[in-house]
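K.L.:
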Amino acid sequence: MIDLTARRFRVLVTAAIALPGIVVALLTGLSGVSAFLADRPLILAPVPRTAAEAAGNRDVADVVVMSEATDMDRPAPARIPLRLHEPAMLTPLEAAVVSERAYMIRLVRDRGARLDAERLRTLRCIAQARKDRGTIAYLAEIDASPLNCDGVKIPY
Amino acid sequence: MSPRAAAWLLTALLALAVSASVFRIPIQVSDSAEILESVDATPSVTAAFVQGLQASRTMLRPMRQTVTKMLLAAAHAIGDRYNLVFRGFHAAAAALLIVLFTYVARPRDWSGVAALCFAMLVLTGLHTFGGMMREAYPVNHFLLIAIYGLAAFALAESRGGILVDAAACVIFVVASLTLESGLVVLAIAIAAHVSGARGISRNALVAMAALAAGYVVLRVAGLHMVGNTVGERQTGFGTEMLTTSELRARFGGTPWLLYAYTIVCSMLTVPFSQPVAGQWTAFAPWDPLAPPLFFLNDIGTSLAATAVIAWYMARRRPHDGRRRWLDPAPLAMLATLAGSAVLSYAYAKSEIMSAAGVFYALVTYLAVRELAEVLITKTRPSMRATVVLAVLFVSTAWGWRAMGLQYRLQRGAFEARSEWVLRMPPYSGPPIPSSAARLTPRLHDEALHRGRTNPYLLWPPYARLWGEN
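What follows is the structure, encoded as structure tokens:
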């Protein structure tokens with residue numbers, strides 16, 4: 020049994036009440052300073068590094084902003100924690116399909132990504148592999164022909 | 008460092024933390040763009056006030072338009088920087104609330120500072136607090152009501168005087184014309200007076216009551232306004248969230264049943280964190296994506312804080328033996344809780360109870376300060392280590408809830424920014440007809456180029472532990 024003197028007990032009880040509040044205040048307060056000075060909070064506010072990462076993580080605003088200075092057909096490393104265990108090299112369109120949000124595919128196309136027959140086939144195969152009905156239906160509206168995924172490499 | 012300096016340092020850090028995250032959230036499309044455009048079209052602040060008087064048959068909130076007009080004028084004056092002004096106002100108001108909280112709590116020794124640390128976690132970790140911070144309409148009137156309520160309480164605890172009386176009356180008028188919940192300012196002033204705080208005089212209370220009567224006359228006889236009825240907004244019932252049509256179908260003939268349920272649930276949501284907006288979300292069907300850990304933490308921490316408050320309120324003051332629940336802060340909390348709940352009779356909403364949440368945190372401060380002294384003097388030596396671990400466990404769990412606020416605010420920034428794409432053409436109809444959209448293009452541009460953040464890039468279970476997917 021731990022022997023706590025009355026004096027030490029007073030200090031420990033006071034510390035036990037206060038410590039989490041102090042930690043939260045320091046962590047979030049310093050993060051707030053960074054947010055004010057550099058628009059970059061230090062905690063809980065990650066940002067996409069590539070257009071593919073934005074597309075894969077439902078970040079429509081960053082897709083719009085990044086598309087102004089990015090080749091929307093170029094593969095780039097993308098972390099998509101909700102969908103993939105590991106980062107993968109994906110084009111923004113492929114990432115949009117991985118995000119399982121049909122509106123994201125439309126947005127990426129609107130922002131300049133090209134969709135030829137071969138790319139469409141790849142996207143349909145990714146959607147099929149993910150078994151996501153929304154993106155399967157959206158892509159089927161563009162091309163409803165029977166799908167053959169032989170030889171198509173799923174990029175993750 | 009003195010205890011007082013430490014308390015203000017803690018306050019400054021938390022005010023900075025909350026206001027920085029609030030500031031990063033762009034002005035929203037929903038509930039903001041339309042009112043900004045319509046108020047901007049009015050020729051003056053007076054015209055904006057009049058527009059606010061006539062804006063609705065159920066809501067009397069002309070200060071919303073008035074403050075919006077004043078902030079728009081400020082934004083125009085510095086080159087149409089709308090987000091800087093509106094989000095800056097929201098951030099400053101958030102900081103002011105936290106500063107006022109410490110001012111009212113007035114910790115003087117290290118036990119008080121420790122209790123303040125804990126109470127700040129309760130203040131910012133409560134689900135009712137997030138609603139005041141995450142959204143704006145385009146000014147968050149729930150936050151303003153919490154500030155007015157706390158300011159009225161501070162006046163009631165002051166030495167009083169003619170200026171204090173005048174300030175109390177002005178605060179009441181502004182609060183009641185900001186939001187219906189603003190009427191609780193009168194309840195707070197009366198509760199404080201009944202409990203012995205004489206900063207606001209009896210005459211001022213009579214004047215405030217007369218102003219409240221004038222408010223009713225203006226509302227009913229002058230503007231022919233009506234109260235909310237069943238089915239005007241969705242609200243929870245049991246484990247379900249009912250749509251407006253479902254509410255009308257189920258409660259059209261027995262509205263009192265829904266009203267009674269909603270009032271009771273609104274009163275429960277602050278001390279128990281359930282139900283949320285009338286819906287017992289913790290008891291909904293099992294969702295494998297939302298493990299019950301979040302609910303366990305929310306309900307468990309609230310039960311612990313509420314138990315300490317109940318213990319404190321049942322105790323007697325050492326010098327006169329009067330029960331603590333008759334002290335100014337507990338009685339003001341009960342008045343705010345009951346008043347806000349009654350005013351939200353037609354639909355439950357966490358934000359409506361946010362002022363009550365602030366007073367709940369204030370009473371938590373008083374209760375924890377007293378509990379610390381009792382624990383230190385009365386705990387048997389054999390139990391000391393257990394007590395330290397138990398206290399640390401509860402305060403850490405509240406710390407986790409308070410961190411959740413930061414997550415929710417970053418997520419709020421993400422969603423508000425996304426709205427400026429998804430709720431705009433070609434993905435949705437325009438929020439305002441293009442002929443009337445004078446500010447919207449600038450708001451859109453500002454929103455896309457500020458507050459970058461993406462909560463989906465975090466390890467997913469974080470979000471689930473804070474109750475979101």
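Keeping their order, the protein sequence lines are chains Z and S.
If you want the numbering used here, it's the 1-based position in the first sequence plus 19.
If you want the numbering used here, it's the 1-based position in the second sequence plus 7.
Beta carbons are placed, not taken as given, at the ideal position from N, Cα and C, and that holds for glycine.
(1) Would you say Ser86(Z) faces chain S, with C-beta separation under 8 Å as the test?
(2) Going along the chain, which residues of its own chain have a beta-carbon closer than 8 Å to the beta-carbon of Glu453(S), five neighbours each way excluded?
(3) Out of Leu212(S), Met248(S) and Ser188(S), which one is the CA nearest neighbour of Ala199(S)?
(4) Listing by chain order, which chain S residues have their CB less than 8 Å from the CB of Tyr122(Z)?
(5) Under 8 Å between C-beta atoms, does Met139(S) make it to chain Z?
(6) Select from Ala423(S), Glu422(S) and Phe366(S) the residue whose C-alpha is nearest the C-alpha of Ile195(S).
(7) Of all Cβ atoms in chain Z, is any one closer than 8 Å to the Cβ of Leu461(S)?
(8) Identify the contact partners of Met410(S) in chain Z, using a Cβ-Cβ distance below 9 Å as the criterion.
(9) Between Gly138(S), Val120(S) and Thr288(S), which lies nearest to Ala374(S) when the distance is taken from Cα to Cα?
(10) Assuming the contact rule is C-beta atoms closer than 8 Å, Glu119(Z) and Arg149(Z) should be a hit. Round their C-beta distance to whole Å, please.
(11) Evaluate Gly48(Z) with the Cβ neighbour count: other Cβ atoms within 10 Å of its Cβ, from every protein chain shown; 16 or more gives buried, anything less gives exposed.
(12) Could you give the residue range of the alpha helix (DSSP H) that holds Gly406(S)?
(13) Please state whether the Cβ-Cβ distance between Ala74(Z) and Pro111(Z) is less than 8 Å.
(14) Ile155(Z): which of Gly51(Z), Lys172(Z), Leu61(Z) and Val117(Z) sits nearest, CA to CA?
(15) Exposed or buried, Trp466(S), counting other C-beta atoms within 10 Å across all chains shown (16 or more means buried)?
(16) With a CB to CB cut of under 8 Å and the five nearest residues on each side skipped, what residues in its chain are close to Gly259(S)?
(17) Give the straight-line distance between the Cα atoms of Arg329(S) and Glu142(S), rounded to the nearest whole angstrom.
(18) Suppose only complete runs of 4+ residues qualify. What are the alpha helix (DSSP H) ranges in the region 318-374 of chain S, listed by chain order?
(19) Can you check whether the C-beta of Arg424(S) is within less than 8 Å of a C-beta belonging to chain Z?
(20) Would you tell me roughly how many angstroms separate the C-alpha atoms of His104(Z) and Thr75(S), rounded to the nearest one?
(21) My understanding is that Leu123(S) touches Ala19(S), with C-beta atoms under 8 Å, so please give their C-beta distance in whole angstroms.
(22) With a Cβ-Cβ cutoff of 8 Å, do Arg408(S) and Gly132(S) count as a contact?
(23) Is the Cβ-Cβ distance between Pro39(Z) and Thr403(S) less than 8 Å?
(24) On a Cα-Cα basis, can you pick out the residue from Phe30(S), Arg64(S) and Gln58(S) that is closest to Pro60(Z)?
(25) With a 10 Å radius around its C-beta and 16 neighbouring C-beta atoms as the bar for buried, classify Ile270(S) as buried or exposed.
(26) Exposed or buried, Tyr155(S), counting other C-beta atoms within 10 Å across all chains shown (16 or more means buried)?
(27) Look at Met360(S) and Val428(S) and say whether their C-beta atoms are less than 8 Å apart.
(28) Please identify, using Cβ separations under 7 Å, the residues of the region 368-383 of chain S that lie next to chain Z, in order along the chain.
(29) Could you pull out every residue in the same chain whose Cβ sits closer than 7 Å to the Cβ of Pro96(Z), ignoring the five residues on either side in sequence?
(30) Mind checking whether Ile158(S) and Ile178(S) have CB atoms under 8 Å apart?
(31) Using a Cβ cut-off of 7 Å, pull out every chain S residue sitting near Leu31(Z), in sequence order please.
(32) What does the alpha-carbon distance come out to for the pair Thr24(Z) and Val394(S)?
(33) Give the C-beta separation of Ala22(S) and Val106(S) to the nearest angstrom, bearing in mind that I take them to be a contact with Cβ-Cβ under 8 Å.
(34) For Arg449(S), go through chain Z and note every residue whose CB falls closer than 7 Å to its CB, in chain order.
(35) Apart from the five residues on each side of it in sequence, which residues of its chain come closer than 6 Å, Cβ to Cβ, to Val187(S)?
(36) Does any residue of chain Z bring its CB to less than 8 Å from the CB of Leu310(S)?
P.N.:
Reading off the structure:
(1) Counting from one through the first sequence, the residue named residue 86(Z) turns up at place 67. Chain S, which has no Cβ nearer than 8 Å to the Cβ of Ser86(Z), makes this no.
(2) Your numbering for residue 453(S) matches position 446 in the second sequence. Around Glu453(S): Pro33, Ile34, Arg88, Tyr89 and Asn90.
(3) The residue labelled residue 199(S) in the question sits at position 192 within the second sequence. With distances taken between Cα atoms, Ala199(S) lies closest to Leu212(S).
(4) If you number the first sequence from 1, residue 122(Z) lands on position 103. Near Tyr122(Z) (Cβ distances below 8 Å), the residues of chain S are Leu429 and Tyr434.
(5) The residue labelled residue 139(S) in the question sits at position 132 within the second sequence. Not an interface residue.
(6) Mapped onto the second sequence, residue 195(S) falls at position 188. Measuring from the Cα of Ile195(S), the nearest candidate turns out to be Phe366(S).
(7) Sequence index remark: in the second sequence, residue 461(S) carries index 454 (1-based). Going by the sequence as given, residue 461(S) is Asn instead of Leu. For Asn461(S), the answer is yes, since a Cβ of chain Z falls inside 8 Å of its Cβ.
(8) Locating residue 410(S) in the second sequence gives position 403, where the first residue counts as 1. From the beta-carbon of Met410(S), the residues of chain Z found nearer than 9 Å are Val43, Leu46, Thr47, Ile62 and Leu63.
(9) As a first step, residue 374(S) is located in the second sequence; it is residue number 367 there, counting from the start. Looking at the Cα atoms, Val120(S) is the closest of the given residues.
(10) Looking up residue 119(Z) in the first sequence gives position 100. Looking up residue 149(Z) in the first sequence gives position 130. Between Arg149(Z) and Glu119(Z) the Cβ distance is about 6 Å, and since that is below 8 Å, they are a contact.
(11) Walking along the first sequence from the start, residue 48(Z) turns up at place 29. Buried.
(12) Reading the second sequence from its first residue, position 399 is the one you call residue 406(S). Where Gly406(S) is concerned, the enclosing alpha helix (DSSP H) stretches over Arg391 to Leu429.
(13) The count along the first sequence starts at 1 and reaches residue 74(Z) at position 55. The count along the first sequence starts at 1 and reaches residue 111(Z) at position 92. Cβ atoms of Ala74(Z) and Pro111(Z): closer than 8 Å.
(14) If you number the first sequence from 1, residue 155(Z) lands on position 136. Residue Val117(Z) is the option with its Cα nearest to Ile155(Z).
(15) Within the second sequence, numbered from 1, the residue matching residue 466(S) stands at position 459. Flag for Trp466(S) reads exposed.
(16) To locate residue 259(S), count along the second sequence from 1; it is residue 252. The answer, listed in chain order, is Val237 and Gly238.
(17) Mapped onto the second sequence, residue 329(S) falls at position 322. Mapped onto the second sequence, residue 142(S) falls at position 135. Cα to Cα, the separation comes out at about 41 Å.
(18) Segments of the alpha helix (DSSP H) lying fully in the region 318-374 of chain S: 335-350.
(19) Residue mapping note: residue 424(S) aligns to position 417 of the second sequence, counting from 1. Yes - at least one Cβ of chain Z is within 8 Å of the one on Arg424(S).
(20) Taking the first residue of the first sequence as 1, we reach residue 104(Z) at position 85. Taking the first residue of the second sequence as 1, we reach residue 75(S) at position 68. So the alpha carbons of these two residues sit roughly 46 Å apart.
(21) Taking the first residue of the second sequence as 1, we reach residue 123(S) at position 116. Taking the first residue of the second sequence as 1, we reach residue 19(S) at position 12. Actually they are not in contact, since the Cβ atoms of Leu123(S) and Ala19(S) sit about 12 Å apart, beyond 8 Å.
(22) The residue you call residue 408(S) lines up with position 401 of the second sequence. The residue you call residue 132(S) lines up with position 125 of the second sequence. Yes, these two residues count as a Cβ contact at 8 Å.
(23) Counting from 1 along the first sequence, the entry for residue 39(Z) is found at position 20. Counting from 1 along the second sequence, the entry for residue 403(S) is found at position 396. Contact: yes.
(24) The count along the first sequence starts at 1 and reaches residue 60(Z) at position 41. Closest option to Pro60(Z), Cα to Cα, is Phe30(S).
(25) Translated into the one-based positions of the second sequence, residue 270(S) becomes position 263. Buried, by the Cβ-count rule.
(26) Locating residue 155(S) in the second sequence gives position 148, counting from the first residue. Flag for Tyr155(S) reads buried.
(27) In the second sequence, the residue the question calls residue 360(S) occupies position 353. In the second sequence, the residue the question calls residue 428(S) occupies position 421. For Met360(S) and Val428(S), no; Cβs fall outside 8 Å.
(28) Cβ contacts with chain Z: Val375, Ala379, Leu382 and Ile383.
(29) Here residue 96(Z) refers to the residue found at position 77 of the first sequence. Cβ within range, chain order: Thr69, Pro106 and Met108.
(30) In the second sequence, the residue the question calls residue 158(S) occupies position 151. In the second sequence, the residue the question calls residue 178(S) occupies position 171. According to the sequence shown, residue 158(S) is Ala rather than Ile. Yes. Within cutoff.
(31) Counting from one through the first sequence, the residue named residue 31(Z) turns up at place 12. Per Cβ cutoff of 7 Å: Val395.
(32) For the purposes of this step, residue 24(Z) is identified with residue 5 of the first sequence, where counting begins at 1. For the purposes of this step, residue 394(S) is identified with residue 387 of the second sequence, where counting begins at 1. Roughly 13 Å between the two C-alpha positions.
(33) Within the second sequence, numbered from 1, the residue matching residue 22(S) stands at position 15. Within the second sequence, numbered from 1, the residue matching residue 106(S) stands at position 99. Contact flag correct, Cβ pair sits at about 6 Å.
(34) Numbered from 1 along the second sequence, position 442 holds the residue referred to as residue 449(S). What Arg449(S) touches in chain Z: nothing, since even the nearest Cβ is about 16 Å away.
(35) Position 180 of the second sequence, counted from the first residue, corresponds to residue 187(S). Residue identity check: residue 187(S) is Glu in the sequence provided, not Val. So the list reads Leu350, once near-sequence residues are dropped.
(36) Position 303 of the second sequence, counting from 1, holds the residue named residue 310(S). Output row for Leu310(S): interface = no.
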